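> Numbering (full-length UniProt numbering), first residue to last: 1 to 283. I have a structure here, written as structure tokens, and I will follow up with some questions on it.
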């Protein structure tokens, strides 16, 4: 990957930019609008939001005001946990499109596989929810459909009945949380893997002498090293900031490459106080 405009091809041929601008925890209306505009100005063409973030309306305003044609942007949203099920999914996707002010979404994901309102049967719940997404995909309202936080059992369940297989799985990935089995199975099914919270280990790595040496050697910040690590693993990292300078800096990760020994070192790290994958499957 050499530039912010590089893409991966999803299984249906749709191109997804290799770095995304995330909007998780951006609830201030002005910050959401201006953050999207700053990201697009910096060259990002991939914008990620979710019903759960409660900012789709403001993200949509930022998209409208950013000065780049809609067709040049890749916009993702995700299904809220209270909206699972065939009928609810159909209804709520329409609401998301209305809030965002868009005719279609480039990607829509089931946000969590196991939720509190599914009557205790997450397998049936996910299959019915997925059936609705398949139909919305057929209608052209969703250009790609996928999953988020799905581990091996959840992926396997979907694949058993899916008419259209998931194209993306967005999961937590960074040094200390590798989710190797989930990544392997996703790739087996030609599912592109996105990485949320790619900068989570920052507080630990600020104290790590080896990583400090890397930062000096490459002339890059630890955040840039973490995002580059994600890219070199073939993930699509989603990074969030509301500060224009930091948004720009997070995109400056295409002019260096981490050496194999540095990748291996980052892969080997563990952090006791970080959530484990099993801690963020059910919501």
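In this text, a Cβ means the ideal position worked out from N, Cα and C, and glycines have one as well. None of the values given here were measured: they were computed from a predicted structure.
#1: Excluding five sequence neighbours on each side, which residues of the same chain lie with their C-beta closer than 8 Å to the C-beta of residue 102?
#2: Quick one: using the 10 Å Cβ neighbour count with 16 as the cut-off for buried, is residue 152 buried or exposed?
#3: Kindly indicate which residue of 232, 182 and 124 has the alpha-carbon position closest to the one of residue 264.
#4: Using 8 Å as the threshold, is the C-beta distance between residue 84 and residue 129 below it?
#5: Starting from residue 172, follow its DSSP beta bridges and name the residues at the other end.
#6: Compare the Cα-Cα distances from residue 286 to each of 15, 86, 10 and 38 and report the closest residue.
#7: Find out if the Cβ-Cβ distance for the pair residue 8, residue 236 is shorter than 8 Å.
#8: Residues in the same chain with beta-carbon distance under 6 Å from residue 174, minus the five sequence neighbours each way, listed in chain order, please.
#9: Residues bridged to residue 142 by DSSP?
#10: So what's residue 190 in DSSP terms, helix, strand or just coil?
#11: Tell me whether the stretch 41-55 and the stretch 246-261 touch, counting them as touching only if at least three CB pairs, one residue from each stretch, are closer than 8 Å.
#12: Are residue 105 and residue 176 closer than 8 Å when you measure CB to CB?
#13: Excluding the 5 residues preceding and the 5 following residue 169 in the sequence, name in chain order all residues of the same chain whose CB lies nearer than 8 Å to its CB.
#14: Quickly, what does DSSP pair residue 8 with across the bridge? List them, please.
#15: Tell me which residues share the same chain as residue 226 and place their Cβ nearer than 6 Å to its Cβ, disregarding the 5 neighbours each side in the sequence.
#16: Under the assumption that residue 240 contacts residue 26 (Cβ atoms under 8 Å), give the Cβ distance between them as a whole number of angstroms.
If we stick to the structure as given:
#1: 60, 63, 70 and 75
#2: exposed
#3: 232
#4: Cβ distance < 8 Å, so residue 84 and residue 129 count as in contact.
#5: 196
#6: Given that the chain is displayed from residue 1 to residue 283, the structure contains no residue 286 and the question cannot be resolved.
#7: yes
#8: 198, 200 and 201
#9: 105
#10: coil
#11: Contact annotation: the stretch 41-55 touches the stretch 246-261, with at least three C-beta pairs closer than 8 Å.
#12: no
#13: 146, 147, 148, 150, 155, 182, 186, 191, 192, 193 and 194
#14: Residue 8 is bridged by DSSP to 16.
#15: 198 and 199
#16: 7 Å
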